[in-house]
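Structure first, then comments.
Number of protein chains: 2
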Amino acid sequence: MKFGVLIFAEAEELDFAGPWEMLTMWSAVADGPETCLIVAEHVDPVICAKGLSINPHVSFEDCPPLDYLLVPGGRGTRREVENPALLSFVAAQARRCKAVLSVCTGSFVLHAAGLLSGKRATTHWGSLDRLRALGDVEVVEDRFVRDGDIWCAGGVSAGTDMMLAFIASVSGDAAAGEVQLQSEYYPSTIIYGGIDSHVGAPGYARDD
Amino acid sequence: MKFGVLIFAEAEELDFAGPWEMLTMWSAVADGPETCLIVAEHVDPVICAKGLSINPHVSFEDCPPLDYLLVPGGRGTRREVENPALLSFVAAQARRCKAVLSVCTGSFVLHAAGLLSGKRATTHWGSLDRLRALGDVEVVEDRFVRDGDIWCAGGVSAGTDMMLAFIASVSGDAAAGEVQLQSEYYPSTIIYGGIDSHVGAPGYARDD
Numbered sequence: 001m002k003f004g005v006l007i008f009a010e011a012e013e014l015d016f017a018g019p020w021e022m023l024t025m026w027s028a029v030a031d032g033p034e035t036c037l038i039v040a041e042h043v044d045p046v047i048c049a050k051g052l053s054i055n056p057h058v059s060f061e062d063c064p065p066l067d068y069l070l071v072p073g074g075r076g077t078r079r080e081v082e083n084p085a086l087l088s089f090v091a092a093q094a095r096r097c098k099a100v101l102s103v104c105t106g107s108f109v110l111h112a113a114g115l116l117s118g119k120r121a122t123t124h125w126g127s128l129d130r131l132r133a134l135g136d137v138e139v140v141e142d143r144f145v146r147d148g149d150i151w152c153a154g155g156v157s158a159g160t161d162m163m164l165a166f167i168a169s170v171s172g173d174a175a176a177g178e179v180q181l182q183s184e185y186y187p188s189t190i191i192y193g194g195i196d197s198h199v200g201a202p203g204y205a206r207d208d
Numbered sequence: 001m002k003f004g005v006l007i008f009a010e011a012e013e014l015d016f017a018g019p020w021e022m023l024t025m026w027s028a029v030a031d032g033p034e035t036c037l038i039v040a041e042h043v044d045p046v047i048c049a050k051g052l053s054i055n056p057h058v059s060f061e062d063c064p065p066l067d068y069l070l071v072p073g074g075r076g077t078r079r080e081v082e083n084p085a086l087l088s089f090v091a092a093q094a095r096r097c098k099a100v101l102s103v104c105t106g107s108f109v110l111h112a113a114g115l116l117s118g119k120r121a122t123t124h125w126g127s128l129d130r131l132r133a134l135g136d137v138e139v140v141e142d143r144f145v146r147d148g149d150i151w152c153a154g155g156v157s158a159g160t161d162m163m164l165a166f167i168a169s170v171s172g173d174a175a176a177g178e179v180q181l182q183s184e185y186y187p188s189t190i191i192y193g194g195i196d197s198h199v200g201a202p203g204y205a206r207d208d
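Chains as they are written, first to last, in the working numbering: chain A, 1 to 208; chain B, 1 to 208.
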């Protein structure tokens with residue numbers, strides 16, 4: 001099993017680093033993918049949205065066929081939705097992938113690659129209206145949503161939750177539990193300043 | 001204000017990437033540090049515990065005096081607790097830092113640098129007994145713990161929660177709330193397989 005995590009200039013760090021941790025922990029402790037790759041158009045260093053500099057493992061050209069592909073969000077998506085090389089890569093890999101996943105505004109990349117029309121999807125709360133405006137996506141305000149072989153998470157940190165649910169769907173509850181235990185993912189439920197101060201927070205956060 | 005995030009070979013990815021996201025979001029949206037740096041012994045690529053390759057921003061030699069320093073954990077700490085160059089760097093920076101923070105087994109690095117004796121501290125659940133065995137640390141099983149100017153988080157994902165609490169302590173509840181909103185940090189509370197299957201889970205997770 002081969003799992004690719006796409007990055008590009010100004011990808012948001014936690015969008016891919018959270019899923020990367022869960023994914024690679026799955027490989028380490030619970031029979032996850034043998035191969036986990038950071039994939040980018042070229043193997044030169046990629047500077048993320050908040051300044052982290054990453055060396056991709058493999059370029060589009062050298063990337064093997066993937067079983068799963070995750071696309072993060074971040075400011076860079078505004079450029080990448082018009083990058084034919086990236087969209088071709090995503091579309092071509094998707095044709096043989098068992099599932100394609102996005103985090104945050106990565107859903108706009110999936111849409112631009114032709115993968116989201118007619119699907120239920122989500123994105124960062126600040127971009128929900130922009131996703132609705134595309135006109136052919138059923139936008140939901142959930143932490144993450146699955147529609148067949150397409151998974152979409154909300155903003156930034158939501159990818160971590162999506163990845164655990166994805167692991168449960170592929171390998172079962174016990175495997176996801178083992179990953180959760182090893183990554184000590186028992187997050188705090190504190191809402192700083194109280195939820196009423198979180199103007200714009202998505203539906204799932206306000207309902208809790 | 002200058003905030004340094006230390007990395008080293010086999011640092012665990014989410015240990016530093018979670019805090020990095022919160023830290024840099026704080027800078028972006030709520031008057032956080034003007035300068036956020038990934039610091040390592042040398043500026044050559046650093047291969048993390050799960051294979052992510054990072055280019056540090058600055059070496060120990062070129063690192064400016066920091067106001068805050070965060071030390072992640074990971075397998076690499078077993079080596080770094082015996083690395084005089086790294087321990088000297090941490091100890092020297094700590095003398096002028098307003099606070100020093102660790103995530104996961106990063107607390108063993110703080111201890112080896114002479115910063116943890118007589119303090120309340122924590123670590124990854126799998127290393128709590130090893131931290132107790134040091135003999136001069138009051139080990140607590142909390143998601144994170146502050147003792148004066150030393151902050152310690154539990155394993156891997158716990159650093160994200162610690163960083164939000166740290167931001168609240170420095171910049172107030174509203175600033176932490178703004179970072180939480182922008183990073184959409186409203187994590188799921190699902191326990192995969194049920195808590196009874198999480199043998200070894202730390203006290204705070206079992207009590208919830």
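Beta carbons: idealized from backbone N, C-alpha and C, even for Gly. Note that the coordinates shown come from a computational prediction; the quantities given were computed from them, not determined experimentally.
Legend entry - Beta-bridge partners of A/F144, as assigned by DSSP: Its beta-bridge partners are A/A153.
Inset, instruction - Might you give, ordered along the chain, the residues of its own chain that have their beta carbon closer than 6 Å to the beta carbon of B/V29, omitting 5 neighbours on each side? - result: If you ignore the 5 residues before and after B/V29, its C-beta comes within less than 6 Å of the C-beta of E178, Q182, all in its own chain and listed in chain order.
Legend entry - Host beta strand (DSSP E) of B/V103 (start-end): First-last of the beta strand (DSSP E) with B/V103: 99 to 103.
Inset, instruction - Output, in sequence order along the chain, the residues in the region 121 to 153 of chain B whose CB is closer than 7 Å to any CB in chain A. - result: Result list: H124, W125, R143.
Legend entry - Touching by the beta-carbon criterion (3+ pairs, under 8 Å), the region 166 to 174 of chain A and the region 30 to 46 of chain A: Short answer: they touch.
Inset, instruction - Anything in chain B within Cβ reach of A/Q93, meaning under 8 Å, just list it in chain order. - result: Per Cβ cutoff of 8 Å: no residues; A/Q93 is ~20 Å from chain B at best.
Inset, instruction - Report yes or no: do the region 199 to 206 of chain A and the region 56 to 70 of chain A share at least 3 C-beta pairs separated by less than 8 Å? - result: Counting Cβ pairs under 8 Å, fewer than three are found: no touch.
Inset, instruction - Hey, could you find the ends of the beta strand (DSSP E) B/V5 is sitting in? - result: Following the DSSP letters along the chain, one finds B/V5 inside the beta strand (DSSP E) bounded by residues 2 to 6.
Legend entry - Three-state secondary structure (DSSP) of B/A121: In the three-state DSSP reduction, B/A121 falls in the strand class (E or B).
Legend entry - Range of the contiguous beta strand (DSSP E) that encloses B/A40: Per DSSP, B/A40 belongs to the beta strand (DSSP E) from 35 to 40.
Inset, instruction - For A/H111, count neighbouring C-beta atoms within 10 Å of its own C-beta (all shown protein chains included) and say buried if the count is 16 or more, exposed if not. - result: Buried is the call here.
Inset, instruction - Output the boundary residues of the alpha helix (DSSP H) element that contains B/L110. - result: Counting along the chain, the alpha helix (DSSP H) containing B/L110 begins and ends at 106 to 112.
Legend entry - Cα-Cα separation between A/D142 and B/R78, rounded to whole angstroms: Looking at the backbone, the Cα of A/D142 and that of B/R78 are separated by about 40 Å.
Legend entry - Rounded separation between A/F166 and B/C36 - CA only: When only Cα atoms are considered, A/F166 and B/C36 end up about 33 Å apart.
Legend entry - Span of the beta strand (DSSP E) around B/Y192: Bounds of any beta strand (DSSP E) do not take in B/Y192, whose DSSP letter is neither H nor E.
Inset, instruction - Count the other CB atoms, across all protein chains shown, that sit within 10 Å of the CB of B/A85; report buried if there are 16 or more and exposed otherwise. - result: The residue is exposed, with fewer than 16 neighbouring Cβ atoms inside 10 Å.
Inset, instruction - For my contact list, A/G18 and A/V71 are in at a C-beta cut-off of 8 Å; report their separation, rounded to the angstrom. - result: With a Cβ gap of about 14 Å, A/G18 and A/V71 do not count as contacting.
Inset, instruction - Examine the Cβ distances between the region 137 to 151 of chain B and the region 81 to 100 of chain B and report whether three or more of them are shorter than 8 Å. - result: Because the criterion of three Cβ pairs below 8 Å is met, the region 137 to 151 of chain B and the region 81 to 100 of chain B touch.
Inset, instruction - Could you tell me whether the Cβ atoms of A/L14 and A/G159 are closer together than 9 Å? - result: Going by C-beta atoms, A/L14 is nearer than 9 Å to A/G159.
Legend entry - Residues within the region 65 to 93 of chain A neighbouring chain B, beta-carbon criterion of under 7 Å: So nothing in the stretch comes that close.
Inset, instruction - Indicate whether B/P187 and A/S197 have their beta-carbon atoms separated by less than 9 Å. - result: Between B/P187 and A/S197, the C-beta gap is not smaller than 9 Å, which leaves the two residues out of contact.
Legend entry - Per-residue contacts from A/C36 into chain B (C-beta, under 9 Å): Neighbours of A/C36 on chain B, chain order: K50, G51.
Legend entry - 9 Å Cβ cutoff met for A/I38 and A/G4: Yes, Cβ-Cβ distance for A/I38 and A/G4 is below 9 Å.
Inset, instruction - Compare the C-beta of B/P187 with all C-beta atoms of chain A and state if any pair is closer than 9 Å. - result: True, the Cβ-Cβ gap to chain A drops below 9 Å.
Inset, instruction - Could you pull out every residue in the same chain whose Cβ sits closer than 6 Å to the Cβ of B/L6, ignoring the five residues on either side in sequence? - result: So the list reads V39, V71, once near-sequence residues are dropped.
Legend entry - Beta-bridge pairing of B/L70 - partner residues as DSSP gives them: For B/L70, the beta-bridge partners assigned by DSSP are B/V5, B/L101.
Inset, instruction - Measure from the alpha carbon of A/G155 to the alpha carbon of each residue in A/E80, A/S127, A/G135, A/V139, then state which is nearest. - result: The option with the nearest alpha carbon to A/G155 is A/S127.
Inset, instruction - Please state whether DSSP places A/E13 in a helix, a strand or coil. - result: Reduced to three states, the DSSP call for A/E13 is helix.
Legend entry - Per DSSP, cross-strand counterpart(s) of B/I54: Note: B/I54 sits in a beta bridge opposite A/I54, B/V46.
Inset, instruction - Indicate whether at least one CB of chain B lies closer than 9 Å to the CB of A/T160. - result: Closer than 9 Å to some Cβ of chain B, the Cβ of A/T160 qualifies, so yes.
Legend entry - Identity of the residues DSSP links to A/V139 by a beta bridge: Beta-bridge pairing links A/V139 to A/A121.
Legend entry - Within chain A, the residues that B/S183 reaches when beta carbons sit closer than 8 Å: In chain order: L14, G155, V156, S157.
Legend entry - Exposure label - A/A49; buried when at least 16 CB within 10 Å: A/A49 is buried by the Cβ-count criterion.
Inset, instruction - Verify the CB distance criterion: does B/E21 have a CB-CB separation below 9 Å to chain A? - result: Closer than 9 Å to some Cβ of chain A, the Cβ of B/E21 qualifies, so yes.
Inset, instruction - Rank A/L115, A/D136, A/S117, A/V140 by C-alpha distance to the C-alpha of A/W125 and give the top, closest one. - result: Ranking A/L115, A/D136, A/S117, A/V140 by Cα distance to A/W125 puts A/V140 first.
Legend entry - C-alpha gap between B/T24 and B/L69, whole angstroms: So the two alpha carbons sit approximately 14 Å from each other.
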